[in-house]
Amino acid sequence: MTRLTPSAKGIALHVGVVLALLALNFLLPEYHRGVFARVLVLAVFAMGYNLAFGYTGLLSLGHAMFFAAGLYGAGLTIYHLEWSVWPAFAAGLAAGAGLALVVGFLALRTTGVAFMIVTLMFAQVFYLTTLYFTTYTRGEEGLVLPQAARVLGFPGGTLNLSDPSTRYLVALALFTLVLGVILFVVRAPFGRSLIAIRENDERMRMLGYNVFANKLASVVLSGIVCAASGAAYAVLFGYVGSGFAAIQYSILPLLWVLVGGAATTLGPLIGTLFMFYVIDTASSYTTAHLLVVGLVLIGVILFFPKGIAGTVRERWLPWLP
Amino acid sequence: MAAVTPLLVTAGLSRAFGGLRAVDQVDFALPEGETHAIIGPNGAGKTTFVSLICGRVAPSSGSVVFDGREISRMPAHRRVRLGIAYTFQITSVFANLTAFDNVALAVQRRLIDDHARGLSARALTEHGMDALTKVGLAGHAGKIAGTMSYGHQRLLEVAMGLALKPRLLILDEPTQGLSDGEIENFIGLVRQIGAEATVLLIEHNMDVVMALAERITVMEQGRILAQGAPAEIRANKAVQQAYLGG
Chain A
14 MTRLTPSAKG IALHVGVVLA LLALNFLLPE YHRGVFARVL VLAVFAMGYN
64 LAFGYTGLLS LGHAMFFAAG LYGAGLTIYH LEWSVWPAFA AGLAAGAGLA
114 LVVGFLALRT TGVAFMIVTL MFAQVFYLTT LYFTTYTRGE EGLVLPQAAR
164 VLGFPGGTLN LSDPSTRYLV ALALFTLVLG VILFVVRAPF GRSLIAIREN
214 DERMRMLGYN VFANKLASVV LSGIVCAASG AAYAVLFGYV GSGFAAIQYS
264 ILPLLWVLVG GAATTLGPLI GTLFMFYVID TASSYTTAHL LVVGLVLIGV
314 ILFFPKGIAG TVRERWLPWL P
Chain B
1246 MAAVTPLLVT AGLSRAFGGL RAVDQVDFAL PEGETHAIIG PNGAGKTTFV
1296 SLICGRVAPS SGSVVFDGRE ISRMPAHRRV RLGIAYTFQI TSVFANLTAF
1346 DNVALAVQRR LIDDHARGLS ARALTEHGMD ALTKVGLAGH AGKIAGTMSY
1396 GHQRLLEVAM GLALKPRLLI LDEPTQGLSD GEIENFIGLV RQIGAEATVL
1446 LIEHNMDVVM ALAERITVME QGRILAQGAP AEIRANKAVQ QAYLGG
């Protein structure tokens, strides 16, 4: 029965994590606060990916397109149409949702390796499209959004998103919102259905569940969350470029989630933070930093086969959501 | 004869895999409330036939009518919601979830559709434990399904079927791999289920068939070889030759 009601421990832990992150805004040195702001936004990307991969068992190699859909949806409307941040952000979300609906509808006709390849191909098409329309996107070189446009309007005033503290807090707000949504979703009947589909989809079908519709809903929600991350990235850091649509950005969320722990709510944050600092630290000592990263990853897989949070849950804290 | 519309009717139902006619022009009717066994040698098309009924396999031709509705083009998950539940020949449970969570997924599906009652944690627990109690697994609710004994996993699957409150429960070789004691238990359980629902049973164990079935259908090479009460089937020469090893 305790499995069904949200356990108080889990809620307390998540509130504690958010409060700790809030305190870090005032404690961290400038450089690290900048890194954390970036990690929080990208952790949202990882959480979106985790919904499809970790919870539903859909190994996509094309999630860069959903991140980039949000990035371009917000960035292009600000740059070319001079939209303000709120509608531009909404445009990013809509772009991600629409793309996820179409790609999901087509790609979910396949499973396993075929699904990986189909999503990879769709993402490649998206990437090449951003290069093809280089007149508008300026391709790899990208667009820099003017500071004047990166202002969040409220009824009571405005927030300047290029200010480091504001940026951090807005990133944290988005992170908290998405964490709350994910926590709610995975405990709701819908989330339990997704996990069960991952475990045994034929059995689910024979329990009367529409497996395809559930998977599609998972992909669309995942796409929206990833697009939210992309759109936030555009308005907070002011840069929109094709590099974010490239294959690398489809692999990264997979790595972050695997390292942090698939199908855990906090794993994506842990994985993203960990990878960022491993790369950051390694590259300050040596140019062969990818070698170090590789070794660290091997170590993580050896000692934390289910990712950091996943292994902690398995060995010590079974209540961890 | 007083014509009561049967719960399930198939007409000319066929399914070919390449050149093999696994199910060949089968006309079959199952009255509501009956416990009916399908027997026949391996490869006779029994599993394919019930798979056509529950929608796991699409027919090459013919029709399936359930409760007066033509359902042969309906996807499997919608047939389940109409009241056709299927337990797999090869045990299929959610191995990493607890026994209760396994059953709760079935209850959840039914409660989502049952708008009057709605989905609450209390209803979920109540109906879930109810189904587990029926099969005698209430004491194992918190166990991870994959760690349970084979016999218990089979019972768990039946509990999932029961939790759907089906009108037609299809059991595909449910006693395969069970010990004699477990089989004894199982017969009692199916009798209980049979009092409320229509049961279609594929079974190799003739003791189980004779103990449970009100009527028996014998299949061979995709066709119905004989049909009738247990005593008639036992006396049927063709059946003895084909199946009972007479």
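Those sequence lines, one after another, are chains A and B.
Numbering (our numbering) for the first sequence: 14 to 334.
Numbering (our numbering) for the second sequence: 1246 to 1491.
Don't be surprised by glycine CBs; every beta carbon is placed ideally from N, CA and C.
This one's a predicted model, so the numbers in the text were calculated from it and none came from an experiment.
Item, Value
"Residue span of the beta strand (DSSP E) that contains Glu-1465(B), given as start and end", "1460-1465"
"Integer Cβ distance of Gly-1467(B) from Ala-1303(B), believed to fall under 8 Å", "Gly-1467(B) to Ala-1303(B), Cβ: 16 Å. No contact."
"Secondary structure of Ala-25(A), DSSP reduced to three states", "helix"
"Closest residue to Asp-1424(B) among Ala-1340(B), Lys-1410(B) and Leu-1400(B) (Cα-Cα distance)", "What sits at residue 1424(B) in the sequence shown is Ser, not Asp. Comparing Cα-Cα distances from Ser-1424(B) to each of Ala-1340(B), Lys-1410(B) and Leu-1400(B), the minimum goes to Leu-1400(B)."
"Residues that Leu-328(A) contacts on chain B, provided the C-beta gap is smaller than 8 Å", "Note that residue 328(A) is Arg in the sequence shown here, rather than Leu. Correct list: empty, because the minimum Cβ distance to chain B is about 16 Å."
"Min CB distance Gln-1437(B) to chain A below 8 Å", "no"
"Minimum Cβ-Cβ distance from His-1494(B) to chain A less than 8 Å", "Outside the displayed span of chain B (1246 to 1491) sits residue 1494(B), for which this structure offers no information."
"Residue-chain proximity (Met-1405(B), chain A), Cβ-Cβ < 8 Å", "yes"
"Simplified DSSP state of His-76(A), which is helix, strand or coil", "coil"
"Integer-rounded CB distance, given that Val-1310(B) should sit under 8 Å from Ala-1390(B)", "Incorrect: roughly 35 Å between the Cβ atoms, too far for contact."
"Range of the contiguous alpha helix (DSSP H) that encloses Ser-206(A)", "202-212"
"Backbone CA spacing between Asp-1272(B) and Arg-1314(B) [nearest angstrom]", "16 Å"
"Thr-1250(B) in three-state terms, based on DSSP", "coil"
"For His-45(A), the residue or residues it bridges with in DSSP", "Note: His-45(A) sits in no beta bridge, so no partner."
"is_contact[Pro-334(A), chain B] using C-beta, thresh 8 Å", "no"
"Residues of the stretch 183-213 of chain A whose Cβ lies closer than 9 Å to any Cβ of chain B, in chain order", "Pro-202, Arg-205, Ser-206, Ile-208, Ala-209, Glu-212 and Asn-213"
"With 16 other Cβ atoms within 10 Å as the buried cut-off, status of Thr-147(A)", "exposed"
"Cβ neighbour criterion (16 or more within 10 Å) applied to Ile-1335(B)", "exposed"
"Rounded distance between the beta-carbons of Phe-128(A) and Leu-71(A), thought under 8 Å", "7 Å"
"Interface partners of Gln-1353(B) on chain A, CB under 8 Å", "Pro-202, Arg-205 and Ser-206"
"C-alpha gap between Ala-230(A) and Leu-1457(B), whole angstroms", "43 Å"
"Within chain A, partners of Arg-1326(B) - CB distance below 9 Å", "Gly-221"
"CB contact below 8 Å: Arg-122(A) versus chain B", "no"
"Every unbroken alpha helix (DSSP H) within the stretch 214-289 of chain A, with a cutoff of 4 residues, ordered by chain", "214-218, 224-250 and 261-273"
"Identity of the residue in Phe-203(A), Pro-318(A) and Leu-185(A) nearest Tyr-222(A) by Cα", "Phe-203(A)"
"The stretch 1289-1303 of chain B in contact with the stretch 324-333 of chain A per 3-pair CB rule at 8 Å", "no"
"Enclosing alpha helix (DSSP H) for Ala-1344(B) [first to last residue]", "1344-1358"
"Positions along the stretch 1405-1431 of chain B whose CB lies within less than 8 Å of some CB in chain A", "Met-1405 and Leu-1409"
"Local conformation of Arg-1260(B) per DSSP, three classes", "strand"
"Interface residues of chain B facing Glu-215(A) [CB-CB closer than 7 Å]", "Ser-1337"
"Residue-level contact to chain B via CB, Arg-218(A), 8 Å cutoff", "yes"
"Residue closest to Ala-1442(B), alpha-carbon to alpha-carbon, out of Ala-1261(B), Ile-1329(B), Ser-1306(B) and Val-1254(B)", "Ile-1329(B)"
"Gln-1398(B), buried or exposed, once every other Cβ within 10 Å from all chains shown has been counted against 16", "buried"
"C-beta atoms of Ile-1209(B) and Ile-1284(B) nearer than 8 Å", "Within the shown structure, residues of chain B are numbered from 1246 to 1491, placing residue 1209(B) beyond reach of any answer."
"Proximal residues of chain A, C-beta to C-beta of Tyr-1331(B) below 9 Å", "Met-219"
"Leu-1382(B) at chain A interface by Cβ criterion, 8 Å", "no"
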